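Chains as they are written, first to last, in this note's numbering: chain A, 1 to 262; chain B, 263 to 524; chain C, 525 to 786; chain D, 787 to 1048.
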């Protein structure tokens, strides 16, 4: 028998069956549930309502692609030198979904969770948000979920996400908190700091009950699909030869020898 | 201007827009397309029909989970020691989707593509399949897509996948080829070698027009979701303490010192 | 010509030569320099003295192995299912060198750098260290570089590392700071918090002039070698079959079906 | 007690000790052995002779750096977007050490092992080598270990590696086999196919007794150090802003909308 600590409630199997969250995979899932239904089922331990499914689909499709991002380039370059391992190319691309770009939704989700807990315990929203903004200001760090390097006047995905959330009945306190956070941050800094897609999604995932520790995971699910598409394009229209040429052009003899210590 | 070789047709953006395969992400995708629609769009450069969507959903949900697999355990253990990087935990888990387990669909897809090309050029199916089976036999390698360590009497997902493919009008020559491949392999080896989910999916992805080089990618898309769910469970019901204890129990002083060469 | 921003001073090449930090690889490095010399050369842009080499070797060998760690198990399991990609198995193992275990030297190095800057600007060491300890206490986080899950009465590597540093003339202010940090932490918490190998190494790498952002990298260099050895052992004495059996033992039908939302 | 299958002979520990291959880490390794000694110890279960150490050092330093390679660029780009995870940046870089570039030493080592077994069983060397060359020719694949994209007239590391091997007494049958393999391949193809560093190193690692399955691992050990140096340079002289700008320059509205299937 397995040690008691080695069990999962997510899925199990025997000779003739596979179950996921208690549903029979072949008779109750395959053919009737969508990918998005099953993602919700695995995370929330229940099937989504029609509105939850629509909102989760909107979240997932909004993050899937943004052109030739660093992550996409990384996956394509890695595939070109390690074609035996598509999993390696995709893994390399995902490793770029960190705190600076996609992964910022994790830190934003953590902040929104803290704000929610603080206001739930009676502190005024304004006070809590000002504390957050001031804390980032003192540490000279950028607030996650706000601003975008390309969409400097506003991330086009944000308004649409909030619109769909409104239609689906998920425009709750986390959405209000992230919007107020942006207002306070803009007021304090005097700069435009519109909510970007990762900030909006952090709020929406909290509305859907997903803990902040997993927020980055939804970017990973979505980007994996985008990265596979990029590897597919690399097979027919490779960017790697051009990139390698560019990287090599700095080559040639060095200017001077180093100091020797020994 | 970018060097001409550095372009993608998958997605692009400007200050106020994001396009994916020519569709406006916010007005034509978000709120109307599902995750699965968009995966199809990215890979095939067009939207799926209702039947294509249903078949692709069946493929994706069938691979998402199989319990506490080595990959799931790897992601959970990695998260427990590197919680700052969910992307690292998921990447580590995906790196196990190689030739032995999930990734076998790639090699199976390659074989089915070669069989299809050979029969298209006029060679009899039986002859081509016998050559394939004999080639693996000589090299003492297992045919990919056949047999399963747990589902030894037949992978329950296979029959269901073929049933859905039939309903959707995708029970074509690749499905026939993989079924005949299994028959020849069983006849030659005298052992039960039922088609497993990766063999069935290789055939179905070819029916959907996906080149074999990308087959493993659909396992990656699907398993990423499963791995995120496992990390979620690790937060509340960790398996890592038990695993670490087990790994440590072999510790203690060594039996003997090594021979010294120098 | 390459865009000016795409250049490295680390190494370059032409048709007949390779240079590293200005040295001709074949005539000035191969055959005369050791691996450790070249690591120092790449990071510091000069060759090490005899003492610097000895200290760096001590650092590198002290981190290479610690038995069947989670990282080692991850690399072995990953190799068993993805044998086409040794790089994938090693990468998966390295992804575990995060903030909780090996990577703690990064955060410890950052703290020691801040302490050094603060005392250099005139603040008393005691005050600065008490502030650090109190900050971690308030946030209920463990101080990096102190304590060890197995070597609870003291990490055997620490005393030896400090001894070698003393012999090599590198027992400077960073060593003093980490020792004082441990004393303050023990005094405040009333618990034994001996400096572990990662805390000692963070101090020694600062003594060698390595910025804290790269400290984790020395664990990666060292553990890569250990992981390759583990994959080698997996080929002859695999642990994976036993591990997979243990993971599978929790399988079987689930207790109950989930609530359905839709 | 641990299940019998969960043990390693590589290293172990108890409250006060760590052992590696039976040596006490603190009293017998730290301060006396170099990194290279310990790598040899872990892989071969014994300490190297002076000649073995010199040869292994030459192997390791020859692979560490080759300028701004795709792998180095991948690690730098990944670090710039995931600075919380140096292990992720290094892992991403290592994932490029696959079959096309560094990892080719694995396939070359496998071929040399087969050649050695075939000649040991009495088949003439010439016949065996011609069979190998012809097999690759038929499958239209490049022979691993021969030719180089930049060093088209000969890899400068190869002659030096063979020279050091000769001095160290390791110029044995595997070196002879790879040299003859290159001659046969050049004769058959009519093209220059000089042995590159990975081909030479495959032969030398076999001379040192390292099985071909681990050859790629020596590239990983070596490149990890190079990648850490590149991340260090990225901190002070980043290439990522230039690369991102280049990748973005292809952006803008798409030419046309896709065909819709549904």
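Glycine included, each C-beta is placed from N, C-alpha and C at the ideal position. Please read all numbers here as calculations on a predicted model, not as lab measurements.
query: Using three-state DSSP, classify residue 196(A) as helix, strand or coil.; result: coil
query: Taking Cβ-Cβ distances shorter than 8 Å, what residues in chain A pair up with residue 594(C)?; result: Chain A residues near residue 594(C): none, gap ~14 Å exceeds 8 Å.
query: In terms of residues, what are the limits of the beta strand (DSSP E) holding residue 798(D)?; result: 797-799
query: Fully enclosed by the region 398-471 of chain B, which alpha helix (DSSP H) runs are 4 residues long or longer?; result: 418-430, 435-451, 459-469
query: Between the Cα of residue 764(C) and those of 622(C), 678(C), 653(C), 605(C), spot the shortest distance and give me the residue it belongs to.; result: 605(C)
query: Can you tell me the Cα-Cα spacing of residue 496(B) and residue 486(B), whole angstroms?; result: 15 Å
query: Along chain B, in chain order, which residues have C-beta atoms closer than 8 Å to that of residue 619(C)?; result: 340, 344, 347, 350, 351, 353, 354
query: Note down the Cα distance separating residue 683(C) from residue 725(C), rounded to an integer number of angstroms.; result: 11 Å
query: Let me see if you follow: with CB-CB separation under 8 Å, is residue 235(A) close to chain D or not?; result: no
query: Using 10 angstroms around the beta-carbon of residue 984(D), count the other beta-carbons present and answer buried if the total reaches 16, otherwise exposed.; result: buried
query: Taking only three categories from DSSP, how would you classify residue 754(C)?; result: helix
query: Along chain B, in chain order, which residues have C-beta atoms closer than 8 Å to that of residue 958(D)?; result: The contacting residues do not exist; residue 958(D) stays about 17 Å from chain B at best.
query: Just the Cα atoms here: how many angstroms apart are residue 7(A) and residue 330(B)?; result: 7 Å
query: Name, going along the chain, the residues of the region 793-822 of chain D whose beta-carbon falls closer than 8 Å to a beta-carbon of chain B.; result: 793, 794, 795, 798, 799, 800, 803, 805, 807, 808, 809
query: Less than 8 Å between CB atoms is the rule here; does residue 262(B) satisfy it with respect to chain D?; result: There is simply no residue 262(B) to check, as chain B begins at 263 and stops at 524 in what is shown.
query: Mapping DSSP to helix, strand and coil, what is residue 541(C)?; result: coil
query: Mind listing which residues of the region 360-373 of chain B have their C-beta closer than 9 Å to chain A's C-betas, in chain order?; result: 360, 361, 364, 365, 368
query: Got a sec: is the Cβ-Cβ distance from residue 475(B) to anything in chain A below 8 Å?; result: yes
query: Unbroken alpha helix (DSSP H) runs of length 4 or more, entirely within the region 550-636 of chain C: which are they?; result: 559-568, 574-587, 594-605, 610-618
query: What distance in whole Å lies between the Cβ atoms of residue 317(B) and residue 470(B), which are believed to be in contact at a cut-off of 8 Å?; result: 7 Å
query: Could you please give the first and the last residue of the uninterrupted alpha helix (DSSP H) stretch that includes residue 1027(D)?; result: 1026-1034
query: Quick one: any contact between the region 909-917 of chain D and the region 961-980 of chain D, if contact means 3 or more CB pairs under 8 Å?; result: yes
query: Excluding the 5 residues preceding and the 5 following residue 599(C) in the sequence, name in chain order all residues of the same chain whose CB lies nearer than 7 Å to its CB.; result: 613, 614, 616, 617, 751, 754, 755
query: Grouping DSSP H, G and I as helix and E and B as strand, with all else coil, what is residue 530(C)?; result: coil
query: Looking at residue 891(D): is its Cβ nearer than 8 Å to the Cβ of residue 1002(D)?; result: yes
query: Regarding residue 5(A) and the ligand FMN, is the C-beta to nearest heavy atom distance less than 7 Å?; result: Annotation note on the ligand FMN: not contained in the displayed structure, which lists no ligands.
query: Beta-carbon of residue 755(C) versus every beta-carbon of chain B: anything under 8 Å?; result: no
query: Show which residues of chain B have a CB atom less than 8 Å away from the CB atom of residue 216(A).; result: 348, 349
query: Can you check whether the CB of residue 60(A) is closer than 8 Å to the CB of residue 297(B)?; result: yes
query: Please report the straight-line C-alpha distance between residue 787(D) and residue 816(D), rounded to a whole angstrom.; result: Any answer about residue 787(D) is weak, because its pLDDT of 49 lies below 50 and its placement is not dependable; what the coordinates show is given next. Each residue's Cα considered, the two are about 30 Å apart.
query: In the DSSP output, what is residue 23(A) paired with across the bridge?; result: 20(A)
query: Using beta carbons (cut-off 8 Å, strictly below), is residue 378(B) in contact with chain C?; result: no
query: What's the call for residue 156(A), buried or exposed, on a 16-neighbour Cβ count within 10 Å?; result: buried
query: Counting only Cβ pairs nearer than 7 Å, list the residues of chain D close to residue 244(A).; result: 856
query: Could you check what DSSP says for residue 776(C) in three-state terms: helix, strand or coil?; result: coil
query: I need the DSSP call for residue 760(C), collapsed to helix, strand or coil.; result: helix
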